[in-house]
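Below is one structure; the comments refer to it alone.
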Amino acid sequence: MLITLALIALAACSPAEDEVGAVDLDSLTETGGCADVTMYAANPEGSAILWVQLSGSVLEDAYAEGVDSVVRSFVLGEDPDIEVSIDVGSNVAERACNDVMTEYVIDERWVAIEGTVAFEATLTAEEAEPWNMPADATVTLTEVLLEEQDTGAQMLIGSLTIEAGVGWLPG
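So the sequence shown is numbered by this note's numbering: it starts at 1445 and just counts up by one.
Have a look at this one:
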């Protein structure tokens, strides 16, 4: 699994930039994915996680259509079929493609309000099963602006790429 990160900028709506409580995006080195389709990048401590979640049955539909790959583009804030967010707190990464969780606390929730996302997946099985529709996926975020739900602080991700296997169900 791979994460590529470039061109990160922070902007604060609060008086001082150091009060933003922004995530150190360089620390989000633990990547993965599952389902149809969830991808993530978390820090090793499990206190911050970036989520990319697609709605619908992207992989299931691709397998049913008999195609080898899927390519989709999304405009955040306009397309209801995607959600990009970052959770910060205690044990927040425990929820990453895991059906057995410990207690977690979300102190900050950053939600993407604009930017673009490119999604590509190559199907890796001959046929799908209801619990297994495997694919190797890449998601690239470009100029994604996130806003912290409680404070209104903002964070800009210039470019971020996550590669991971997806399409399997925890359990």
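For each residue, glycine too, the CB sits at the ideal point set by N, CA and C.
Values in this document were obtained by computation on a predicted structure and should not be read as measured data.
task: Would you tell me roughly how many angstroms separate the C-alpha atoms of W1618 and A1508, rounded to the nearest one?
output: As displayed, the chain neither begins before 1445 nor continues past 1615, which places residue 1618 out of reach and without an answer.
Are the CB atoms of T1605 and T1584 within a distance shorter than 8 Å?
Within the sequence shown, numbered from 1, the residue matching residue 1584 stands at position 140. Within the sequence shown, numbered from 1, the residue matching residue 1605 stands at position 161. Between T1584 and T1605, the gap from beta carbon to beta carbon is short of 8 Å.
Give me the residue from G1559, N1487, R1553 with the minimum Cα distance to G1602. The count along the sequence shown starts at 1 and reaches residue 1602 at position 158. For the residues G1559, N1487, R1553, the minimum Cα distance to G1602 belongs to G1559.
Which residues DSSP lists as bridging W1575, in chain order: One-based indexing of the sequence shown puts residue 1575 at position 131. Answer is none; W1575 lacks a bridge partner.
Return the residue from the list D1470, M1545, E1573, L1472 that minimises the CA-CA distance to D1480.
Your numbering for residue 1480 matches position 36 in the sequence shown. If we check each option's Cα against that of D1480, E1573 comes out closest.
* Output the boundary residues of the alpha helix (DSSP H) element that contains V1502. => Counted from its first residue, the sequence shown places residue 1502 at position 58. That run of the alpha helix (DSSP H) goes 1502-1509.
* For A1627, which of helix, strand or coil comes out of DSSP? -> Outside the shown range of the chain, which is 1445 to 1615, sits residue 1627, and nothing can be said about it.
As assigned by DSSP and simplified to three states, the class of A1562: For this step, residue 1562 is matched to residue 118 along the sequence shown. Here A1562 sits in strand by DSSP.
Margin query: Closer than 8 Å is the cut-off here; do at least three beta carbon pairs connect the segment 1515-1522 with the segment 1471-1480?
Written below: With the cut-off at 8 Å, the segment 1515-1522 and the segment 1471-1480 do not touch.
DSSP-derived helix/strand/coil call for A1479
To locate residue 1479, count along the sequence shown from 1; it is residue 35. Coil at A1479, not helix or strand.
Return the first residue and the last residue of the beta strand (DSSP E) that V1528 is part of. Walking along the sequence shown from the start, residue 1528 turns up at place 84. Start and end: 1526-1534.
* What span of residues does the beta strand (DSSP E) with L1498 cover, start to end? -> Against the sequence shown, residue 1498 aligns to sequence position 54. Judged by DSSP secondary structure, L1498 falls within the beta strand (DSSP E) whose first and last residues are 1492-1498.
**Message:** With DSSP as the reference, identify every bridge partner of M1545, one or two as the case may be.
**Reply:** Here residue 1545 refers to the residue found at position 101 of the sequence shown. According to DSSP, which records beta bridges pairwise, M1545 is partnered with nothing at all.
Write down the C-beta distance between T1566 and D1580 rounded to the nearest angstrom, noting that I regard them as a contact closer than 8 Å. Your numbering for residue 1566 matches position 122 in the sequence shown. Your numbering for residue 1580 matches position 136 in the sequence shown. Their Cβ separation, rounded to whole angstroms, is 5 Å, which keeps T1566 and D1580 in contact under 8 Å.
* Asked: From this set, V1555, D1531, G1521, which residue's C-alpha is nearest Y1548's C-alpha?
  -> Along the sequence shown, one-based indexing puts residue 1548 at 104. Residue D1531 is the option with its Cα nearest to Y1548.
Compare the beta carbon distance of L1600 and V1561 with 8 Å and say whether it is the shorter of the two.
-> For the purposes of this step, residue 1600 is taken as the residue at position 156 of the sequence shown. For the purposes of this step, residue 1561 is taken as the residue at position 117 of the sequence shown. No, they are not a contact pair.
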